[in-house]
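To start, the structure itself, in structure tokens.
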Amino acid sequence: MTVGPQRSGSLDRLTAREMEIARLVRDGRTNRQIARALGLSTKTVEAHLSRIFAKLSIPSRTVLAVLVTTGDRLAA
Numbered sequence: 814m815t816v817g818p819q820r821s822g823s824l825d826r827l828t829a830r831e832m833e834i835a836r837l838v839r840d841g842r843t844n845r846q847i848a849r850a851l852g853l854s855t856k857t858v859e860a861h862l863s864r865i866f867a868k869l870s871i872p873s874r875t876v877l878a879v880l881v882t883t884g885d886r887l888a889a
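Each residue of the sequence shown is one higher than the one before, starting from 814 at the first, in my numbering.
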């Protein structure tokens, strides 16, 4: 699976809040569920996810869930 020009799975680029959201995505939570759990608006969760996708050069929450699940060990 190719996820960007560089090996993009560097979860260490994420802030603590972004990592918290990434873990909730991995757990199958919707944006609304994440927002409720963290006391945020759904728009704020969407903004965090957009930044996460950009930082990691990934296209979707599915790829994010795989990265978090595999602990950042994604085959190039």
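Built from N, CA and C at the ideal position, the CB exists for glycine as well.
All of these numbers come straight from a predicted model, not from anything done at the bench.
Would you call Arg874 buried or exposed, if buried means 16 or more other Cβ atoms sit within 10 Å of its Cβ? Position 61 of the sequence shown holds residue 874. Counting Cβ neighbours within 10 Å, Arg874 comes out buried, since at least 16 surround it.
Contact between the region 877-884 and the region 845-855: three or more CB pairs below 8 Å? No: fewer than three Cβ pairs fall under 8 Å.
Reduced DSSP secondary structure (H/G/I, E/B, other) of Ile847: The residue you call residue 847 lines up with position 34 of the sequence shown. The answer is helix: DSSP assigns Ile847 an H, G or I state.
Could you tell me how far apart the beta carbons of Arg826 and Leu869 are, in whole angstroms, since I believe they sit closer than 8 Å? Mapped onto the sequence shown, residue 826 falls at position 13. Mapped onto the sequence shown, residue 869 falls at position 56. The pair is a contact, with the Cβ atoms about 7 Å apart (cut-off 8 Å).
State buried or exposed for Ala860, treating a residue as buried only when at least 16 other CB atoms are found within 10 Å of its CB. Position 47 of the sequence shown holds residue 860. Residue environment for Ala860: exposed (fewer than 16 other C-beta atoms within 10 angstroms of its C-beta).
Apart from the five residues on each side of it in sequence, which residues of its chain come closer than 8 Å, Cβ to Cβ, to Arg836? For the purposes of this step, residue 836 is identified with residue 23 of the sequence shown, where counting begins at 1. Contacts found: Val881.
Which first and last residues belong to the alpha helix (DSSP H) in which Ser863 is found? Your numbering for residue 863 matches position 50 in the sequence shown. Start and end: Thr855 to Leu869.
Backbone secondary structure at Thr882 - three-state DSSP: Position 69 of the sequence shown, counting from 1, holds the residue named residue 882. Here Thr882 sits in helix by DSSP.
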